[in-house]
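With my numbering as the guide, the letters of the sequence shown map in order to residues 122 to 496. Backbone N, C-alpha and C fix where the C-beta goes; we use that ideal spot for every residue, glycine too. Everything on this sheet refers to the single structure shown next.
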Amino acid sequence: MHRADFGECRRLVVKIGTSSLAHETGKLNLGMMEMLVRQLADLHNQGREVILVTSGAIGAGAGKLGLRRAPRTIPEKQACAAIGQGLLLHMYEKFFAEYGITVGQVLLTREDFAIRRRFLNAQNTLRSLLSFGVVPIINENDTVAVDEIKLGDNDHLSALVAGLMNADLLVMLTDTDGLYTADPRRNPEARLIPWIGEITEDIEKVAGAAGSRLGTGGMITKLHAARIATHAGVTTVIARASLKDVLPRILAGEELGTVFRALPRRMERRKQWIAYGAPVAGRIVVDAGAARALREKGKSLLPSGVVAVEGSFETGQTVSIVDSEGREVGRGLVNYSAAEIERIKGCRTTAVTDILGYQPYYEEVVHRNNLVIEP
Ligand code: GLU
């Protein structure tokens, strides 16, 4: 979608970060929330479906407790989230109510994207809310999600939601104008990049990794999120939250922020789930021939191409396939456990039954239908 077509956007996901929602003191920035809600309410009144992904629970909880520093340990963060999420929702509800709009709180965890049944569940809930004319307000369920199972940042969450809901547009609102050619705080030559057709390694290099005190995301996490969303067919914009009327202006096609164009072919939902939803349980290192066959010829991965296996995983889990330089070739569902692959790596397919002592269900270690190249 080009800027000129943004006005046609029917369903949009808007993400706002902690750095925009909280003051330096940690207390909520009510002016900002009000400004955001007013814009969202207007978009809603125009007949668009609006989904809000908001951070700020941990920050608001820390503010309420009067903590002078950001919470550090996991239980501290979880406690702050428990306190802050209620506060956050209370304020959103109040502001949206002024415009006669009902909101619904949806707290998601990684498992809601990793387990297919839950993925479909979440989708159904969100669809129902939208069909009732409600604005879903989403955050990660920080109080129950510990680090190992966390999505971690809401940029990621918003991209998954945008893919899950087939949104037309994802707008990530933050405290910078978009992606710059260099760090604008340090380099006066830095220029804003208005349009990105494809996220290349060079683009990732310019992103740097700066974040603010309370939020978790920096530009890198936004780029990763933009990659996920654009692969899912969702055009993505990064723009400054505090710009007056930023959302209606983006939808009017004004040249604000950085736009990441959606890939022309939306990745199938199942492949999105393989690439970004399911946690990666291990790695398979492949030789140069196999890497080429996977990348360029659309082949499946056979035991003969496997050089090494890392981690302990079972059949059906998601693994990352990397080349000998450690660059990711793809992600896919394995047909063998890590222990089995250890035994059959480098072997010809015809030898596998003899080595294992039983006939495996599949010849391929990862079948091409269950494989996403360079996610
Ligand atoms: N879920 C976290 C919160 O509400 C924020 C995550 C993020 O900053 O991206 O505090």
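Would you say residue i touches ligand 1, meaning its beta carbon is less than 7 Å from a heavy atom?
| i | result |
| --- | --- |
| Glu-145 | no |
| Glu-261 | yes |
| Asp-296 | no |
| Ala-460 | no |
| Ile-258 | no |
| Asn-150 | no |
| Ala-178 | yes |
| Asp-276 | yes |
| Ala-373 | no |
| Ala-202 | yes |
Using the Cβ count rule (16 or more neighbours within 10 Å means buried), how would you classify residue i?
| i | result |
| --- | --- |
| Tyr-479 | exposed |
| Lys-418 | exposed |
| Leu-142 | buried |
| Lys-343 | buried |
| Trp-394 | buried |
| Asn-308 | exposed |
| Ala-213 | Looking at the sequence shown, residue 213 is not Ala but Tyr. By the neighbour-count rule (16 or more Cβ atoms within 10 Å), Tyr-213 is buried. |
| Leu-492 | buried |
| Asp-274 | buried |
| Lys-198 | buried |
| His-165 | buried |
| Asp-233 | buried |
With a threshold of 7 Å on Cβ separation, who are the neighbours of residue i within its own chain once the five nearest residues in sequence on each side are excluded?
| i | result |
| --- | --- |
| Phe-434 | Ala-402, Gly-403, Val-440, Val-455, Ser-458 and Ala-459 |
| Thr-246 | Val-227 |
| Arg-334 | Unreliable placement is indicated for Arg-334, whose pLDDT of 38 sits below 50; the coordinate value is still reported in the next sentence. Excluding positions up to five away in sequence, the list reads Ala-191. |
| Gly-336 | Any reading at Gly-336 needs caution, since the residue's pLDDT is 47, under 50, leaving its predicted position unreliable; the model's value is listed next. Excluding residues within five positions, the ones whose Cβ falls inside 7 Å are Gly-138, Thr-139, Ser-140 and Ser-176. |
| Ile-462 | Ile-405, Val-427, Val-430 and Val-486 |
| Tyr-220 | Ala-162 |
| Glu-155 | Phe-216 |
| Cys-130 | Arg-169, Asp-289, Leu-290 and Leu-372 |
| Thr-436 | Val-455, Asn-456, Tyr-457 and Ser-458 |
Can you give me the start and stop residues for the alpha helix (DSSP H) that residue i sits inside?
| i | result |
| --- | --- |
| Val-327 | 322-328 |
| Gln-438 | Premise fails: Gln-438 is in no alpha helix (DSSP H) and is neither H nor E. |
| Val-473 | 473-477 |
| Gly-286 | Checking the displayed sequence, the identity of residue 286 turns out to be Met instead of Gly. It is not in any alpha helix (DSSP H) - Met-286 carries neither H nor E in the DSSP assignment. |
| Thr-351 | 340-352 |
| Arg-386 | Neither: Arg-386 is in no alpha helix (DSSP H) and is coded neither H nor E. |
Does the distance from the CB of residue i to the CB of residue j come in under 8 Å?
| i | j | result |
| --- | --- | --- |
| Ala-283 | Leu-294 | no |
| Ala-280 | Gly-398 | no |
| Leu-119 | His-352 | The question about residue 119 has no answer here: the residues shown for the chain are numbered 122 through 496. |
| Lys-420 | Arg-489 | yes |
| Ala-125 | Gly-374 | yes |
| Lys-136 | Asp-298 | no |
| Ile-83 | Ala-288 | Any question about residue 83 goes unanswered here, given that the chain covers just 122 to 496. |
| Arg-231 | Pro-400 | yes |
| Ile-172 | Pro-257 | yes |
| Ser-445 | Asp-408 | yes |
| Met-286 | Arg-132 | yes |
| Leu-368 | Gln-167 | no |
| Ile-465 | Gly-451 | no |
In terms of residues, what are the limits of the beta strand (DSSP E) holding residue i?
| i | result |
| --- | --- |
| Ile-405 | 401-407 |
| Thr-357 | 356-361 |
| Thr-246 | It is not in any beta strand (DSSP E) - Thr-246 instead sits in the alpha helix (DSSP H) that spans 237-252. |
Ordered along the chain, which non-local residues of its own chain (more than five positions away) have a Cβ less than 8 Å from that of residue i?
| i | result |
| --- | --- |
| Leu-423 | Ala-411, Thr-470, Glu-484, Glu-485 and Val-486 |
| Ala-330 | Note that Ala-330 scores a pLDDT of 42, beneath 50, so its modelled location is shaky; the value from the coordinates is reported in the next line. The residues are Gly-339, Met-340 and Ile-341. |
| Leu-186 | Cys-201 and Ile-204 |
Is residue i close to ligand 2? I mean its beta-carbon at under 7 Å from any heavy atom of the ligand.
| i | result |
| --- | --- |
| Thr-139 | Summarising the ligand content, the structure contains ligand 1 and does not contain ligand 2. |
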